[in-house]
Amino acid sequence: MKLLQMKEHYDSQYDKMTKAPVSELVIKLGIPTTLSMLVTNIYNMVDTMFVGQLGTSASGAVGIVFGYMAVLQAFGFMFGQGSGSIISRMLGKKNREDASRIASTAFFTVFSIGVLISVISALTLTPLMYLLGSTDTILPYARTYVTYIIIAAPFMTSCFTLNNILRYEGRASLAMIGLLAGAILNMIGDPVFMFVFDMGIAGAGLSTALSQIISFSILLSMFLTGKTQCKLSIKNVTRKPSELLEIVTTGFPSLVRQGLGSISTMLLNGQAAVYGDAAVAAMSIVGRISMFVFSVGLGVGQGFQPVCGFNYGAGKYLRVKKAFKFTLTLSQIMLGVLAVIMLIFSSQAIVIFRDDPEVIRIGTAALRFQCIALFFQPICVLSNMTLQSTGHALGATFLSMLRSGLYFIPVLLIMTAAFGLTGIEIAQPIADVLSFLTAVPFILSFLRKLPEDT
Numbered sequence: 001m002k003l004l005q006m007k008e009h010y011d012s013q014y015d016k017m018t019k020a021p022v023s024e025l026v027i028k029l030g031i032p033t034t035l036s037m038l039v040t041n042i043y044n045m046v047d048t049m050f051v052g053q054l055g056t057s058a059s060g061a062v063g064i065v066f067g068y069m070a071v072l073q074a075f076g077f078m079f080g081q082g083s084g085s086i087i088s089r090m091l092g093k094k095n096r097e098d099a100s101r102i103a104s105t106a107f108f109t110v111f112s113i114g115v116l117i118s119v120i121s122a123l124t125l126t127p128l129m130y131l132l133g134s135t136d137t138i139l140p141y142a143r144t145y146v147t148y149i150i151i152a153a154p155f156m157t158s159c160f161t162l163n164n165i166l167r168y169e170g171r172a173s174l175a176m177i178g179l180l181a182g183a184i185l186n187m188i189g190d191p192v193f194m195f196v197f198d199m200g201i202a203g204a205g206l207s208t209a210l211s212q213i214i215s216f217s218i219l220l221s222m223f224l225t226g227k228t229q230c231k232l233s234i235k236n237v238t239r240k241p242s243e244l245l246e247i248v249t250t251g252f253p254s255l256v257r258q259g260l261g262s263i264s265t266m267l268l269n270g271q272a273a274v275y276g277d278a279a280v281a282a283m284s285i286v287g288r289i290s291m292f293v294f295s296v297g298l299g300v301g302q303g304f305q306p307v308c309g310f311n312y313g314a315g316k317y318l319r320v321k322k323a324f325k326f327t328l329t330l331s332q333i334m335l336g337v338l339a340v341i342m343l344i345f346s347s348q349a350i351v352i353f354r355d356d357p358e359v360i361r362i363g364t365a366a367l368r369f370q371c372i373a374l375f376f377q378p379i380c381v382l383s384n385m386t387l388q389s390t391g392h393a394l395g396a397t398f399l400s401m402l403r404s405g406l407y408f409i410p411v412l413l414i415m416t417a418a419f420g421l422t423g424i425e426i427a428q429p430i431a432d433v434l435s436f437l438t439a440v441p442f443i444l445s446f447l448r449k450l451p452e453d454t
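First residue of the sequence shown? That's 1 in the working numbering, and the numbers climb one at a time after it.
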C-alpha cells in the first residue's frame, strides 16, 4: 500500500513538471526561491546594518567575511547544482534510484569538503583575512567575525547543496522552509547577541553560524522523513569515479561563478583599501544592496531551472523554449522596475547601513552605476542556468567566467589605474555589459539547435 502511494506521488510530481503550463510552473517554483533569496539577502543586509553601528572598520569586515562565505557557497553550489541538474534530468526519465545515488554522493562529499575548509581556514586565519582584502584596522573585526563562520563551514556548504537538490526536484517550498527559518533566526539573533549580550561583532558571527546549522538540520530532515524523491544514505554513495566526475563537471560552472566572485571580492576590497576603510565599507554595502535587488531575478531563474532540466530530460524541448522566454521576460520586467526605484533612492539606501559622509558619497555613485547594469544581467544569468540545467557544462562554464572573472578582473585593474576610485565604482557595470553582449549569441544558438519533441 505504501509503495503504491509513493508511486502515485512520484507520478503526480512527474505529470506536474511535464504537463502543467510552464508559466504557472516557473512562477509556482520561483516564488519560494525568490522569497528565500530576498529574505537571505535581507538578513545579510540586517547583518551589515547592525555591524555598521560598531564603526566603519567593522562595516569593512563584513565585506571581507562575505568574500570567505562566497568560497563556501562556491563548493555548496557546485555540488548542489551539479547534482541537481543531473537529478532533474534523471527524474524526467523516471529514474529515481540513480537520482538518489547522485544526491547522496553530492551531500556526503560536500560535507567532507566543508570540514577540510574549516581546518585549513583555522590554521591560516590571519593570512587568509589579508588575502581577502583586510586592512590592519579591519583585521581584528574580520578575525572575530569569521571564526564562527569557520566552525559552521561544513553545515553552510551542505545547506547550499541540499537546498539546490530540493529545488531541482521541484520541491522549492521545502527548500524555502529551511532557508527562511535560518534567515529569520539570524535577524533575531544579531541584536540579541550583539547588544543584549554585549558580544559586539562576535555576536553577529555567532548568530550567523547558529542560524546556518539550524537551516542545515531542517533541510536534512526533509530527506530523512520521506518528503523527497531522492533518498540520502551513506550506502548510496557511488563507487564509480565517473559519476562523481559528472557531478563536479556539471556543477563546475557554479564553482567558477562563485569562486571568481570570491576572488573578485578580494581584488575589489584590495583596490578599495587604497582609498581607506570608508571605500571598503561602501563597496561592501553596495554589493549587499545590489545582490538584494538582483536576487529577485535570480529567484525567478532558480524557479526555471528544475522546469528546464526536468523537461529536457523528458524530451519536451518546446516546453524548455517556452519556459526560457517566459522567465526572461518576467525577470527583465521585475529587475527593471526595482533598478529604477533603487536608482532614485540610492543615497537613502546607503544611509541605512552607515551614516558616514564618505561612505555615502562613494556608495551612492557605485550603487547608481550598479542599477544601470541590472538591465543587462537577466539574459546573462538565464543563459548560464539553461546550459547548466541541460548538461552543457562547457558553455555554462565559459559564460560563468565572464561577469566576475574574464571581464571584471581586467576591467577593474584597467579602470582603477585610469580613473582611480571612479574606476572601482564603474568596473562591475562595464563587465556586465560585456557579458551581455557575449551571452546573447550563445543562448540563441542553443535554442535554435534544440530538437523537436520526442
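Just so you know, even glycine gets a beta-carbon here, dropped at the ideal spot from N, CA and C.
It should be emphasised that the depicted structure is a prediction, and the values quoted were computed from it without experimental measurement.
Are the beta-carbon atoms of residue i and residue j separated by less than 8 Å?
| i | j | result |
| --- | --- | --- |
| A349 | T18 | no |
| I27 | G303 | yes |
| S445 | L402 | no |
| Q455 | M385 | Residue 455 falls outside the range modelled here, since the chain spans only 1 to 454, and no answer is possible. |
| I362 | L421 | yes |
| Y407 | A431 | yes |
| L179 | S215 | yes |
| S331 | V71 | no |
| V237 | F442 | no |
| G251 | V381 | no |
| D190 | A209 | no |
| R89 | Y312 | yes |
| I467 | L328 | The requested residue 467 does not occur in the structure, where the chain is confined to residues 1 to 454. |
| A172 | T40 | no |
| D453 | K316 | yes |
| F326 | S23 | yes |
| Q370 | S284 | no |
| M176 | L35 | yes |
| V433 | A366 | no |
In terms of alpha-carbon separation, which member of the options lies closest to residue i?
| i | options | result |
| --- | --- | --- |
| A20 | F310, M187 and V65 | F310 |
| S112 | F155, A142 and I102 | F155 |
| T416 | K240, Y275 and I177 | Y275 |
| M342 | A323, K325, T364 and I360 | T364 |
| K235 | T265, D98, I360 and K94 | D98 |
| G405 | M266, E452 and I285 | M266 |
| K93 | S331, I263, E358 and D15 | D15 |
| D47 | L382, S207, G259 and Y317 | S207 |
| N164 | S264, A323 and L220 | L220 |
| L522 | D198, L132 and K316 | The structure shown does not extend to residue 522, since the chain is modelled only from 1 to 454, so the question has no answer here. |
| G229 | L91, A366 and C371 | The sequence shown places Gln at residue 229, not Gly. For the residues L91, A366 and C371, the minimum Cα distance to Q229 belongs to L91. |
| I188 | L125, C371, N44 and K231 | N44 |
| A418 | Q370, S284 and Q271 | Q271 |
| D356 | I31, G52, S36 and I42 | G52 |
| I247 | M49, I42, I31 and G84 | G84 |
Would you say the beta carbon of residue i comes nearer than 7 Å to a heavy atom of the ligand ATP?
| i | result |
| --- | --- |
| L402 | As far as ligands go, the structure on display features none, and thus does not contain the ligand ATP. |
Assuming the contact rule is C-beta atoms closer than 8 Å, residue i and residue j should be a hit. Round their C-beta distance to whole Å, please.
| i | j | result |
| --- | --- | --- |
| R354 | T56 | 7 Å |
| T161 | A106 | 6 Å |
| L54 | I201 | 6 Å |
| N269 | G63 | 6 Å |
| L25 | V307 | 5 Å |
| S264 | I87 | At roughly 30 Å, the Cβ-Cβ gap does not stay under 8 Å, so S264 and I87 are not in contact. |
Can you give me the Cβ contacts of residue i inside the same chain, cut-off strictly under 8 Å, excluding the 5 residues immediately before and after it?
| i | result |
| --- | --- |
| S254 | A74, F77, M78, G80, Q81, G82, Q388 and S400 |
| S121 | Y68, L128, V146, I150 and A153 |
| L38 | F292, S295, V296 and G299 |
| E243 | R101, I102 and T105 |
| K321 | L447 and L450 |
| S12 | none |
| V351 | I360 |
| P241 | none |
| L245 | none |
I'd like the list of long-range same chain contacts for residue i, defined as Cβ closer than 7 Å, with 5 residues on each side in sequence excluded.
| i | result |
| --- | --- |
| V65 | A142, Y145, V146 and I149 |
| A396 | P253, N384, L387 and Q388 |
| R368 | L343 and S346 |
| T249 | A393 |
| E358 | A278 |
| K227 | L174 |
| V340 | none |
| V110 | F75, G76, F79, T157, S158 and T161 |
Between residue i and the rest of its own chain, which residues show a CB-CB distance below 6 Å, the 5 nearest in sequence each way excluded?
| i | result |
| --- | --- |
| F427 | Residue identity check: residue 427 is Ala in the sequence provided, not Phe. Closer than 6 Å at Cβ, skipping near neighbours: V411, L412 and M415. |
| S211 | G182, L185 and N186 |
| G60 | I138, D277, V280 and A281 |
| A58 | V51, Y141 and I201 |
| V115 | P154 |
Legend entry - Given 8 Å, three or more beta-carbon pairs between the region 370 to 379 and the region 330 to 338: With the cut-off at 8 Å, the region 370 to 379 and the region 330 to 338 touch.
Legend entry - Segment contact flag, the region 277 to 286 with the region 128 to 140, C-beta cutoff 8 Å, min 3 pairs: When Cβ pairs closer than 8 Å are counted between the two stretches, the region 277 to 286 is seen to touch the region 128 to 140, the count reaching three or more.
Legend entry - Touch test, the region 194 to 201 against the region 163 to 170, Cβ-Cβ under 8 Å, three pairs minimum: Taking 8 Å as the limit for Cβ pairs, the verdict is that the region 163 to 170 does not touch the region 194 to 201.
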